[in-house]
Amino acid sequence: MHQVMSATRGRRRKAGGAPLRVRRAAPADLAQVIDIDQRATGLAKPQYWAGILRRYGRGGARRRFLVAESGARILGYIVGEVRDWEFGSPPCGWIFGIGVRPEEREAGVASAMLAAIAAAFRRLGVTTVRTLIARDNRLVLSFFRSQGMMAAPVIPLEKEIG
Ligand SMILES: CC(C)(COP(=O)(O)OP(=O)(O)OC[C@H]1O[C@@H](n2cnc3c(N)ncnc32)[C@H](O)[C@@H]1OP(=O)(O)O)[C@@H](O)C(=O)NCCC(=O)NCCS
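Structure, rendered in structure tokens:
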């Protein structure tokens, strides 16, 4: 995949820009988050994101909806939570979603967000972080692999019930 194999990939954020800050998401961030998600998936999901903000925003010690901002611009988001003893596994941090503005990628934004949510998970006492990704999403797989994430000792199963 050309996008994954691009040889012109940058490494860090350009010098001189406003510093990157990772913080909890707020209502005023939603429009930019919806836009970033829409540019990655082709779908605008305002109701979905309003629900994520309600459930993962401010409240809930074990839930996180974080954004990376630089000046007034939201560059990316990450959503996750610590779940207890699911499927026989001890409590573990889960990442449900991650996205970075296309023109801000390959500069460490997602790495900074993952480090921030992992630190929050660690403070909550867990030592493992997991995620589920589409099998053919090589870009997201490359990112998570770069962060040291490997195949987990669990597999998803599904069947059509419609
Ligand atoms: C995956 C994604 C979050 C990575 O964000 P990012 O800010 O560019 O990631 P980082 O700059 O922190 O990259 C960290 C590492 O990931 C890997 N990586 C990132 N982009 C890559 C690319 N295009 N090709 C190969 N490896 C890549 C590299 O190992 C990189 O480390 P390096 O720069 O030292 O080589 C971003 O590309 C994205 O939002 N993609 C779309 C997400 C998506 O498909 N969402 C819908 C389903 S969830």
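The opening position of the sequence shown corresponds to residue 4 in the numbering used here, with each subsequent residue numbered one higher.
Backbone N, C-alpha and C fix where the C-beta goes; we use that ideal spot for every residue, glycine too.
On the three-state DSSP scale, how would you describe W97?
-> DSSP, read as helix, strand or coil, puts W97 in strand.
Classify V70 as helix, strand or coil using the three-state DSSP reduction.
-> Under the three-state reduction of DSSP output, V70 falls in the strand class.
Contacts around E72, its chain only, beta-carbon distance under 6 Å, and the 5 residues preceding and following it disregarded | Excluding its 5 nearest sequence neighbours in each direction, E72 has C-beta neighbours in its own chain below 6 Å: R24, listed in chain order.
Roughly how far, in whole angstroms, is the beta-carbon of T134 from the beta-carbon of F147, given that I think they are within contact range, below 8 Å?
-> Confirmed, Cβ separation roughly 6 Å.
Output the distance between the C-alpha atoms of S145 and M152, rounded to the nearest integer angstrom.
-> Rounded to whole angstroms, the gap between the alpha carbons of S145 and M152 is 10 Å.
Over what stretch of residues does the beta strand (DSSP E) that includes V25 continue unbroken?
-> Looking at the DSSP string, the run of the beta strand (DSSP E) that includes V25 is L23 to R27.
Closest to V82 by CA distance: which of G74, A123 and G111 is it?
-> Closest in alpha carbon position to V82, among G74, A123 and G111, is A123.
R66 vs I120 beta-carbon contact at 7 Å | Cβ atoms of R66 and I120: not closer than 7 Å.
Following the continuous beta strand (DSSP E) through R104, name the residue where it begins and the one where it ends.
-> For R104, no beta strand (DSSP E) encloses it, and the DSSP letter there is neither H nor E.
For T131, which of helix, strand or coil comes out of DSSP?
-> In this structure, DSSP gives T131 a state outside helix and strand, which the three-state scheme calls coil.
Pick out whichever of I39, G100 and F90 has its Cα sitting closest to the Cα of E107.
-> Nearest of I39, G100 and F90 to E107, Cα basis: I39.
Rounded C-beta distance between V36 and V70? I'm assuming under 8 Å.
-> Confirmed, Cβ separation roughly 7 Å.
Cβ pair G79, A43 closer than 7 Å = No, the Cβ-Cβ distance between G79 and A43 is not below 7 Å.
Between which two residues does the beta strand (DSSP E) carrying V157 extend?
-> Secondary structure note for V157: it is in no beta strand (DSSP E), with a DSSP letter that is neither H nor E.
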